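As C-alpha cells, the structure follows; a few thoughts come after it.
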Amino acid sequence: MEKAFNGKTVVLTAGPTYEPIDPVRFIGNHSTGKMGFALAECFAQRGAKVQLVAGPTNMKAQHEGITVTPVTTADEMYAAVKELTPSADIWVFAAAVADYKPKVVADKKIKKAEAELTIELVKNVDIAAALGKEKRADQFAVGFALETDNEDSNARGKLKKKNLNMIVLNSLNDPGAGFKHDTNKITIIEEDTTTAFELKQKSEVAQDIVNLIWERLYA
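What follows is the structure, given as C-alpha cells:
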C-alpha cells in the first residue's frame with residue numbers, strides 16, 4: 002500500500018476558521034489542525050496529490066505532494082474547496098468550521114463602553130453539506146463529527162444529510178481525544194458499518210482512516 006493512491010487527488014480541509022467581529026477580535030475554536038495535517042501527510046506518502054485547504058494554524062506541511070491553500074473564514078474555505086472538489090477523487094472535511102459568524106463586522110475596533118455587548122450571529126455555510134449535493138458517484142467523501150452527547154445518532158444524521166460515504170466520530174467525553182491533543186480516539190461510521198479504534202497518536206489515527214478509505218475504494 003506504499004503508493005496505493007498514485008494518480009489520485011485528495012481535497013482535505015484542516016484547522017479552525019476565524020470569523021471576524023472587528024479588525025482585532027474574532028470567533029474561533031481550539032482546533033490546531035493536527036488531525037487534518039496528519040491525514041494530508043499520510044495520503045501524500047501513499048502517492049496522492051493532496052490539496053490541503055487550511056484555516057489559521059501553526060502546522061506546516063512537510064511532503065512535497067501537498068499543496069496548501071491558507072484561508073481564514075468559513076466563506077473563504079468554502080470558495081477554495083468548491084474550486085478543487087470537481088477534479089478530486091476523495092474529499093476529507095477535517096476542519097472545525099465555525100457554525101456561525103457575526104452578521105455585521107465592525108470596520109473599527111469596538112470600544113469598551115456598556116456593561117453588555119450583543120453580537121448578532123448568522124449561520125455559516127455547511128461546506129460538506131453544500132458540496133455533498135454536487136458529489137458524483139465516483140467521488141468519495143469523508144466528514145468529521147465532534148460530539149458531546151448522542152454521539153452515534155448525531156454522527157449518523159450528518160452522514161446522511163451531507164451525502165458522506167463515511168464520518169469520523171470524535172467524542173469530547175473520551176480523555177485524550179479532540180482539540181489540542183496529540184492523540185485521538187475515533188469511531189468510523191458508514192451506512193451499515195461501525196468501526197471503533199483505541200486511543201492512538203494522531204499520525205496513527207490518520208493511517209487507520211486512510212487504510213479504511215483504501216479498503217472501501219480499491220481493495
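In this note's numbering, the protein residues as written are 2 to 220.
Where is the CB? At the ideal position from N, CA and C, for every residue including glycine.
In this text the structure is predicted, and so the values were computed from the model without any measurement.
**OP:** Measure the beta-carbon distance from I128 to Y79 and round it to whole angstroms, keeping in mind my assumption that it falls under 8 Å.
**Re:** 5 Å
Subject >> Ordered list of alpha helix (DSSP H) runs contained in the region 101-186, each at least 4 residues >> reply: 128-133 and 152-162
**OP:** With DSSP collapsed to three states, give me the class of K61.
**Re:** coil
Original post:
In the structure shown, what three-state DSSP assignment does L200 receive?
Top reply: coil
Original post:
Under the criterion of a Cβ to heavy atom distance below 6 Å, does F145 qualify as lining the ligand GDP?
Top reply: The ligand content of the structure shown is nil, which means the ligand GDP is not present either.
**OP:** Look up I67 in the DSSP assignment and say whether it is helix, strand or coil.
**Re:** strand
Subject >> Counted within 10 angstroms of its Cβ, other Cβ atoms place L53 as buried (16 or more) or exposed >> reply: buried
Original post:
Hey, N171 and L147: beta-carbon distance below 7 Å or not?
Top reply: yes
Subject >> Closest Cα partner of T18 within the set G56, A5 and Q46 >> reply: G56
Subject >> Stretch-stretch touch, CB-based, cutoff 8 Å, three pairs: the region 58-69 with the region 106-115 >> reply: no
**OP:** Report yes or no: do the region 91-104 and the region 4-20 share at least 3 C-beta pairs separated by less than 8 Å?
**Re:** yes
Original post:
What does DSSP give as the partner residues of E20 in its beta bridges?
Top reply: I28
Subject >> Extent of the continuous beta strand (DSSP E) to which A41 belongs >> reply: Note, A41: premise wrong, no beta strand (DSSP E); alpha helix (DSSP H) at K35 to Q46.
Original post:
What residues in its chain sit with their C-beta under 7 Å from that of T195, if we drop five residues either side in the sequence?
Top reply: T188
Subject >> A220 classed as buried or exposed, judged by whether at least 16 other C-beta atoms fall within 10 angstroms >> reply: exposed
Original post:
Under 7 Å, do A99 and E20 count as touching if we go by C-beta distance?
Top reply: yes
Original post:
Helix, strand or coil for K4 per DSSP?
Top reply: coil
Subject >> Sheet register partners of T14 (DSSP bridge) >> reply: V54 and F94
Original post:
Are the beta-carbon atoms of A39 and A142 separated by less than 7 Å?
Top reply: no
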